[in-house]
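> Supplied in C-alpha coordinates, the structure appears directly below.
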Amino acid sequence: MLSTTIKSYQNKVLTAAEVIDELIKLAKTIQESDKLAAELNLTEYE
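Residue numbers for the sequence shown follow this note's numbering, so the first one is 57 and each next one is one higher.
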(Lines of atoms letter the chains of each structure in order from A and count residues from 1; the text may use other names and numbers.)
(Lines give C-alpha, C1' and ligand atoms only; values in the text may rest on other atoms or scores of the structure.)
Protein backbone atom coordinates (compact mmCIF):
# COMPACT_ATOMS: atom_id res chain seq x y z
CA MET A 1 0.00 0.00 0.00
CA LEU A 2 2.74 2.41 0.92
CA SER A 3 4.85 1.77 -2.16
CA THR A 4 1.83 2.23 -4.43
CA THR A 5 1.06 5.58 -2.82
CA ILE A 6 4.65 6.74 -3.15
CA LYS A 7 4.84 5.69 -6.79
CA SER A 8 1.61 7.53 -7.54
CA TYR A 9 3.01 10.67 -5.93
CA GLN A 10 6.26 10.37 -7.85
CA ASN A 11 4.31 10.00 -11.10
CA LYS A 12 2.29 13.15 -10.25
CA VAL A 13 -0.95 11.15 -9.97
CA LEU A 14 -1.44 12.19 -6.33
CA THR A 15 -0.88 15.53 -4.63
CA ALA A 16 1.00 15.87 -1.35
CA ALA A 17 -2.31 16.28 0.49
CA GLU A 18 -3.66 13.08 -1.05
CA VAL A 19 -0.50 11.24 -0.02
CA ILE A 20 -0.99 12.43 3.55
CA ASP A 21 -4.59 11.18 3.48
CA GLU A 22 -3.39 7.79 2.23
CA LEU A 23 -0.76 7.63 4.99
CA ILE A 24 -3.41 8.40 7.60
CA LYS A 25 -5.58 5.58 6.22
CA LEU A 26 -2.61 3.22 6.31
CA ALA A 27 -1.82 4.17 9.91
CA LYS A 28 -5.44 3.53 10.93
CA THR A 29 -5.38 0.14 9.24
CA ILE A 30 -2.19 -0.79 11.09
CA GLN A 31 -3.66 0.36 14.41
CA GLU A 32 -6.80 -1.71 13.82
CA SER A 33 -4.69 -4.78 13.06
CA ASP A 34 -2.67 -4.25 16.22
CA LYS A 35 -5.85 -3.82 18.25
CA LEU A 36 -7.32 -7.04 16.84
CA ALA A 37 -4.11 -8.92 17.59
CA ALA A 38 -4.21 -7.65 21.18
CA GLU A 39 -7.84 -8.73 21.55
CA LEU A 40 -6.91 -12.21 20.32
CA ASN A 41 -3.93 -12.33 22.70
CA LEU A 42 -1.50 -12.90 19.86
CA THR A 43 2.21 -12.47 20.34
CA GLU A 44 4.20 -10.05 18.21
CA TYR A 45 5.48 -12.96 16.15
CA GLU A 46 1.97 -14.20 15.41
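Using N, Cα and C, we set each Cβ at its ideal position, and we do this for glycine too.
Have a look at Lys84 and Leu98 and give me their C-alpha separation to the nearest angstrom.
When rounded, the distance between both Cα atoms is 19 Å.
> So the alpha helix (DSSP H) Thr99 belongs to, where does it begin and stop?
Run containing Thr99: none; DSSP gives neither H nor E here.
> Can you say whether Thr60 is buried or exposed, counting buried as having 16 or more other CB atoms within 10 angstroms of its CB?
Flag for Thr60 reads exposed.
> For Lys84, name the three-state secondary structure that DSSP assigns.
Helix.
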